[in-house]
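Some notes on the structure that comes next.
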Amino acid sequence: MVGEFKALSTYTTPDRYPIPRIHEKLTQLSQDKLITAMGALKGLHQNVSTDVAKKLLRIIVHCGIFEYLRMPFGIKNAPSHYQRMMNTIFPEELSEG
């Protein structure tokens, strides 16, 4: 199921949490001696929606009304929320140095 959240985005206050620039991260990686990878499949879906957000993220389909229990793709502030979550969970791994 896919929701269309453009109308909601017009009323959403932008979250200005800093997202790393890919060029800077690739430059940093080129200087590292050890590089590991972590799969982040469905990473946005790891953020649990608040009760207020669940009501705003309702979608209507032919078989009923559904609420997203976790953050779906297409939300204006989803990338910022995801980056904040990663920085909270992995502060040492994501530090520059």
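Here my numbering is used: position 45 in the sequence shown is 45, and no number is missing along the way.
Just so it is clear, CB atoms sit at the ideal spot from N, CA and C, and this is done for glycine as well.
The model shown is predicted, which means the values in this text are computed figures rather than measured ones.
Does any residue of chain D bring its CB to less than 8 angstroms from the CB of residue i?
| i | result |
| --- | --- |
| Gln83 | Of the chains in the structure shown, none is chain D; there is only one protein chain. |
Going by DSSP in three states, residue i sits in which element: helix, strand or coil?
| i | result |
| --- | --- |
| Gly74 | coil |
| Glu67 | strand |
| Ile60 | strand |
| Leu29 | helix |
| Lys6 | helix |
| Glu24 | helix |
| Arg84 | helix |
| Pro79 | helix |
Tell me which residue opens and which closes the alpha helix (DSSP H) that residue i is part of.
| i | result |
| --- | --- |
| Val52 | 51 to 56 |
Give me the Cα-Cα distance between residue i and residue j, rounded to the nearest whole angstrom.
| i | j | result |
| --- | --- | --- |
| Ser30 | Ala53 | 40 angstroms |
| Glu92 | Leu41 | 21 angstroms |
| Ile82 | Cys63 | The residue you asked about is not Ile; residue 82 is Tyr in the sequence shown. Their Cα atoms are separated by approximately 30 angstroms. |
| His49 | Lys25 | One point to set straight first is that residue 49 is Ser, not His, in the sequence displayed. In a straight line, the C-alpha of Ser49 is about 29 angstroms away from that of Lys25. |
| Lys55 | Thr36 | 39 angstroms |
| Arg84 | Val61 | 32 angstroms |
| Lys76 | Gln28 | 28 angstroms |
Are the beta-carbon atoms belonging to residue i and residue j less than 8 angstroms from one another?
| i | j | result |
| --- | --- | --- |
| Pro79 | Ile19 | yes |
| Met71 | Asn87 | no |
| Ile65 | Gly3 | no |
| Phe73 | Leu44 | yes |
Which partner residues of residue i appear in the DSSP bridge assignment?
| i | result |
| --- | --- |
| Val48 | Arg70 |
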